[in-house]
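K.L.:
Below you will find the structure I want to go over with you.
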Amino acid sequence: MTDLTSLGVREIRDGVAAGNFTAREVAEAFNAAVEAATALNAFIVTTPEKALEAADAVDAARAKGETLGSMAGVPIGMKDLFATDGVQTTAASHILEGFTPRYESTVSAKLWEAGCGMLGKLNLDQFAMGSSNETSYFGNVCSPWRKEGSNAAMSPGGSSGGSSSAVAARIAPAATGTDTGGSIRQPAAFTGICGIKPTYGRCSRWGVVAFASSLDQAGPMARSVEDCAIMLGAMAGFDPKDATSLDAPVPDWFGGLNADLRGKKVGIPKEYRMDGTSQEILDSWEKGAEWLRDAGAEIVEVSLPHTKYALPAYYIVAPAEASSNLARYDGVRYGLRDLPEGAGLQDMYAATRAAGFGDEVKRRVMLGTYVLSAGFYDAYYTQAMKVRTLVQRDFDAAFGQCDVILAPTTPTPSFPLNSLNDDPLTMYLNDVFAVPASLAGLPAMSVPATVTADGLPLGLQLVGRAMDEQGVLNAGLAIEQRAGFVAKPERWW
Amino acid sequence: MSVTREDVAKIAKLARIAMDEQELDRMVPEFNNILAWVEQLGEVDTAGVEPMTAVIPQALRLRDDVIDADPQTGGGRQDDVLANAPVAEHGFYGVPKVIE
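Those protein sequences? They're chains A and B, same order as listed.
Note that the first sequence covers residues 1 to 493 in the numbering used here.
Note that the second sequence covers residues 1001 to 1100 in the numbering used here.
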């Protein structure tokens, strides 16, 4: 029998439906792979029994001749930012350690409905704040990739680093991610997999631990464009419980996949040629444009003049929203309580938050508190929200001249763990190419393009018009078909 | 704009995060680095530009004006709500005494 853990979403669901193997066999194979990969630290908790239970339900439904869901028999990893009924949900923080929701997030509920099973809750940067998966209270996640000739542990990217590591290591065929300012796309690029952040509002935020509510979007991470299309279809859809959920039909993205780009225009934003971008990244970008031309697209230069201001605007807007969202962690309603001897209520709040939040979370909550405080609000927050309008207008103008934008996903390939965390600013720059699409709420995807001379994956990013996930997926498919990306991390774990 | 150690201590107090002297010392330069970097937003001419209020334009919806329109977000779930509280007594959250 083929090694079931080498299969993707579509292969598993089709194989289960055809009776080539059972969902239980698939779940057992992945449960074993997860158990053997603890060195990656990709999971905070594993739930092999949940994977088996869902698999048995799929096998029983098939035996009865029932119609199977779009992901029937596919076991997945769930980023530990999604509330899961009866299973600890921590956002990788100490303050939520032991928190066991009595409800299920909309996105995870939809995936179970589609026939997925849960392998476990995936590690991430604490409260999704980070770009390297080094801010988790539950330890760093290691990428399965290493530089050629080196044993140094590499970053899987962040914040969805447990997701990217697990999918790249073939211990999960797919995983959920969330993207506030690049947290799906950057880890996908670092680990040679695909990931798409849909249009803001496509996936319900209900039951997702909030970081920056005007930016947070869930999306799938998997090893192929078609797997992402299938999984996004299962995750998306209107939810009245999320005030910003898009009340729009969910297209059949998988059925609509088409890599023929004749008549399409691909924009190359000239402002993305930034200092500090590695030559190999620039070369891969060039290659990507050639592939899309080969698929029939016309390549045009476009301008996004406010690109350089997107990242500083993001680092005002996101912390501001975080400072408000994270005010709920007070030691009263759930999670940690630190009550020093003789302390009153205010001291309890301060002690609980000091003990429960990591350094990066404290930094951002305090930055957000500062930019929203009296006397500074207009200079920082209002100005950033005006710049956000300008960033969105740039995209509107660019999409007058092209249908989809091609850019690198990251300015560099993955880096060794512990190599960048002395300076928060250097870390923030990882998301310089990812953040503009987040600020504008646009669908954006990373697909693997190539590997560097020392064997690390590089990704290319596609950004589309609002609601045009199909255009993004199609251009991604055209790249995937031509890139011939078959590199795999060599197993060391 | 740069912040002093006293400013950072005040911000920490507003954010309800206890910080010792050592943490404050470490936070001040980090904070100032980030603030110096976001200062560049001041270069952007935003005269006549409206701050963004909704990233994807959409009308706000009204829910049906009925009790428990959605059972998951409705009432009557006291046990579920209190299940994760560090201290819950007699159907309430427990907190330290606030009145002397």
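Quick reminder that beta carbons are idealized off the backbone N, C-alpha and C, glycines included.
Taking a contact to mean a Cβ-Cβ separation below 9 angstroms, would you say A:ALA218 touches A:VAL107 in this structure?
P.N.:
yes
K.L.:
Tell whether a beta-carbon distance below 9 angstroms holds between B:MET1001 and B:GLU1039.
P.N.:
yes
K.L.:
Going straight from the alpha carbon of A:PRO436 to that of A:THR426, what length do you get?
P.N.:
18 angstroms
K.L.:
Thinking C-beta only, is B:ILE1034 closer than 9 angstroms to A:ARG353?
P.N.:
no
K.L.:
Excluding sequence positions up to five away, which residues of its chain have a Cβ less than 6 angstroms from the Cβ of A:ALA91?
P.N.:
LEU81, PHE127 and VAL209
K.L.:
To which residues of the same chain is A:ALA313 closer than 6 angstroms at the C-beta, ignoring the five residues directly before and after it?
P.N.:
ALA384, VAL387 and ARG388
K.L.:
Relative to the C-alpha of B:ASN1084, which residue among A:THR84, A:GLY98 and A:TYR349 is closest?
P.N.:
A:GLY98
K.L.:
When you compare the CB of B:ASN1084 with every CB in chain A, is at least one pair closer than 9 angstroms?
P.N.:
Taking 9 angstroms as the CB threshold, B:ASN1084 lines the interface with chain A.
K.L.:
What are the boundary residues of the beta strand (DSSP E) that A:CYS203 is part of?
P.N.:
Unbroken run through A:CYS203: none, as it is neither H nor E.
K.L.:
Which same chain residues, not among the five before or five after B:GLN1078, have their C-beta less than 7 angstroms away from its C-beta?
P.N.:
GLY1091
K.L.:
Is there a C-beta anywhere in chain B that falls below 9 angstroms from the one on A:ARG491?
P.N.:
no
K.L.:
When you compare only the Cα positions, how much space is there between B:ALA1059 and A:MET154?
P.N.:
45 angstroms
K.L.:
According to DSSP, what are the bridge partners of A:LEU142?
P.N.:
Here residue 142 of chain A is Cys; the residue named in the question, Leu, does not match the sequence. In the DSSP output, where bridge partners are listed per residue, A:CYS142 has none listed.
K.L.:
Consider the Cβ of B:GLU1089: report whether some Cβ of chain A lies at a distance smaller than 9 angstroms.
P.N.:
Chain A contact via Cβ: absent.
K.L.:
Closer than 8 angstroms by C-beta to A:GLU134: which residues in its own chain qualify, once you throw out the five before and the five after it? Chain order, please.
P.N.:
ASP125, ASN140, SER155, GLY158, LEU417, ASN418 and ASN421
K.L.:
Could you tell me the alpha carbon to alpha carbon distance between A:SER160 and A:MET78, rounded to whole angstroms?
P.N.:
Taken atom to atom, the span from the alpha-carbon of A:SER160 to that of A:MET78 is near 10 angstroms.
K.L.:
Counting only runs that start and end within the stretch 14–83 of chain A, where is the alpha helix (DSSP H) found for 4 or more residues in a row?
P.N.:
DSSP runs (the alpha helix (DSSP H)) wholly in the stretch 14–83 of chain A: 23–35 and 48–63.
K.L.:
Quick one: list the residues of chain C neighbouring B:GLU1030, beta-carbon separation under 7 angstroms, in chain order.
P.N.:
Absent from the structure: chain C. Protein chains present are A and B.
K.L.:
Looking at the structure shown, is A:LYS121 part of a helix, part of a strand, or coil, going by DSSP?
P.N.:
The answer is strand: DSSP assigns A:LYS121 an E or B state.
K.L.:
Alpha carbons only, please: which of A:ARG24, A:ASP239 and A:LEU292 is nearest the one belonging to A:GLN481?
P.N.:
A:LEU292
K.L.:
Can you list, in chain order, the residues of its chain with a C-beta nearer than 8 angstroms to that of A:SER6? Leave out the 5 residues immediately preceding and following it.
P.N.:
These residues qualify, in order along the chain: ARG170.
K.L.:
Between A:ALA398, A:ALA487 and A:VAL332, which has its C-alpha nearest A:GLY267's C-alpha?
P.N.:
Distances from the CA of A:GLY267 to each of A:ALA398, A:ALA487 and A:VAL332 were compared; the closest alpha carbon is that of A:ALA398.
K.L.:
Smallest Cα separation from B:ASP1045: which of A:ILE95, A:THR199, A:GLY69 and A:HIS306?
P.N.:
A:HIS306
K.L.:
Using the Cβ count rule (16 or more neighbours within 10 Å means buried), how would you classify B:ILE1067?
P.N.:
exposed
K.L.:
Can you tell me which residues form a DSSP beta bridge with A:GLY267?
P.N.:
Bridge partners of A:GLY267: A:VAL300 and A:ILE405.
K.L.:
For A:VAL463 versus A:PHE395, is the C-beta spacing smaller than 9 angstroms?
P.N.:
yes
K.L.:
Taking 8 angstroms as the threshold, find out whether the stretch 242–255 of chain A comes into contact with the stretch 193–206 of chain A through three or more Cβ pairs.
P.N.:
yes
K.L.:
Using 8 angstroms for Cβ pairs, my map puts A:PHE433 next to A:TYR272. What's the rounded Cβ distance?
P.N.:
6 angstroms
K.L.:
DSSP puts B:GLU1089 in a beta bridge; with which residues?
P.N.:
B:PHE1092
K.L.:
Consider the Cβ of A:LEU456: report whether some Cβ of chain B lies at a distance smaller than 9 angstroms.
P.N.:
no
K.L.:
In the DSSP output, what is A:LEU460 paired with across the bridge?
P.N.:
A:PRO408 and A:VAL447
K.L.:
Could you tell me which of B:LEU1062, B:PRO1051, B:ALA1047 and B:GLY1094 sits nearest to A:ALA243, measuring between CA atoms?
P.N.:
B:LEU1062
K.L.:
What do you reckon, are the CB atoms on A:ILE44 and A:LYS121 nearer than 9 angstroms?
P.N.:
Between A:ILE44 and A:LYS121, the C-beta gap is smaller than 9 angstroms, which places the two residues in contact.
K.L.:
How far does the beta strand (DSSP E) with B:PRO1029 in it reach, from first residue to last?
P.N.:
Counting along the chain, B:PRO1029 falls outside any beta strand (DSSP E), though it belongs to the alpha helix (DSSP H) covering 1021–1038.
K.L.:
Looking at A:ASP454: is its Cβ nearer than 9 angstroms to the Cβ of A:GLY149?
P.N.:
yes
K.L.:
Given a cut-off of 9 angstroms on the beta-carbon distance, is the pair A:GLY288 and A:ALA32 in contact?
P.N.:
no
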